[in-house]
Amino acid sequence: MSSAAHLRSPLVERRPRSEQTGRQIASLLPPHTHYVQPLSGTLEVLLHKPCSALETVNDVDRELVTFWKVLRDRPAELARACALTPHSRVDFSSAISGSRIPGEANEVEIARRVWLRLNHSQSGPARMRPQWQNAATHRKMASALDIAIDQMTETAARIKRVSLESAAPVKLIAAVARQLGVCIYLDLRPDVFGAQGASLVHGARVEPVQVLRAVSTAKAAVVIRAERSAITDSPVRSWTCTSVGEQRDGSAVHLWSNRVLSMQEHLFDLGDYGLGAT
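Residue numbers (the numbering used here): 815 to 1092.
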């Protein structure tokens, strides 16, 4: 397995099962030349898939765009800012309070706050619950954050060619849905959907039913991670459902697609990442 298979974004969900699920979903994506994520969400699937000729991720409030820009262009500054971030309830609460940061704040501080609210959480980026339970949990979290900081440069190298869009999700879907070679990936889990660039501040985000309606007639490949209840009465209810992995409560992760999903053997080819031996 290549070293690329171990890339972990500062935006990822930290539990081992989440890491494994990200790899599994990436391995099931239909063959494509353009990967499109209309809702920003986590980066687990993107980082665990081979580089495509084109990759587009959407961010409607532009804070994630700022995060990625700083990660790409100024990774050392961001790593330093994050390394000096205390495990502080006040700092965490400020980052997720819903209030805009001061207008004079620089891009590194904006990026640090995004990193903070997406990282300092127990169960992934959208739950945003600080881990104050006990000392052992605190130590585990500190170790995970150190890993994230150490790998920022690697992550920046992986996403340097990713196009950062800032459009209404339904509008972006409409622009690519008829194109062959496109693979649209959506994460519609309730605890993730609300933090996917449709920000905590603006509160102006598309509803899941609108997204499902937009992809229902797509000619492009579509893969949706969602709970069964979100799909039951939706326009995509007749699509193929594939179960992946197992969560802590024993329930499987469900993927719906307008394609039959199968494992892609080339998932971890070094050449796909430009990290082959020299």
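Ideal placement from N, C-alpha and C gives every residue a C-beta, glycine not left out.
First and last residue of the uninterrupted beta strand (DSSP E) at R1039:
1035–1039
When burial is assigned at 16 or more other CB atoms within 10 Å of the CB, is N872 buried or exposed? buried
task: Leaving out five residues on either side along the sequence, give the residues of the same chain with a beta carbon under 7 Å from the beta carbon of H846.
output: S866, G995, V996, C997, A1035
Worksheet item: Quick one: is A1012 buried, meaning 16 or more other Cβ sit within 10 Å of its Cβ, or exposed?
Response: Any answer about A1012 is weak, because its pLDDT of 43 lies below 50 and its placement is not dependable; what the coordinates show is given next. A1012 should be labelled buried.
- Message: Quick check: P1049 and L1026, are their CB atoms within less than 7 Å of each other?
- Response: yes
7 Å Cβ cutoff met for R1101 and S977
No answer is possible for residue 1101: the residues shown for the chain start at 815 and end at 1092.
- Task: Assign L860 to one of two classes, buried (16 or more other C-beta atoms within 10 Å of its C-beta) or exposed (fewer than that).
- Result: buried
Q.
Let's see if you can read the secondary structure: which residues bound the beta strand (DSSP E) around C997?
A. 996–1001
For the candidate residues D1047, L930, V1037, whose alpha-carbon lies nearest to that of C1055? V1037
- Query: Taking DSSP as the reference, what is the three-state secondary structure of L885?
  - Reply: helix
*Alpha carbon to alpha carbon, how far is S841 from M1077? Give it in angstroms, no decimals.*
5 Å
Quick check: V874 and A925, are their CB atoms within less than 7 Å of each other? no
Note to self: Tell me the DSSP secondary structure of W1053 in three-state form.
What the structure shows: coil
- Using DSSP with H/G/I as helix, E/B as strand and the rest coil, what is T969? helix
Those residues which DSSP pairs with N872 across a bridge: E979
DSSP-derived helix/strand/coil call for Q993: coil
Hey, A1002 and R1039 are a contact pair by Cβ (cut 8 Å); roughly how many whole angstroms apart? It is Leu, not Ala, that sits at residue 1002 in the sequence shown. The pair is a contact, with the Cβ atoms about 7 Å apart (cut-off 8 Å).
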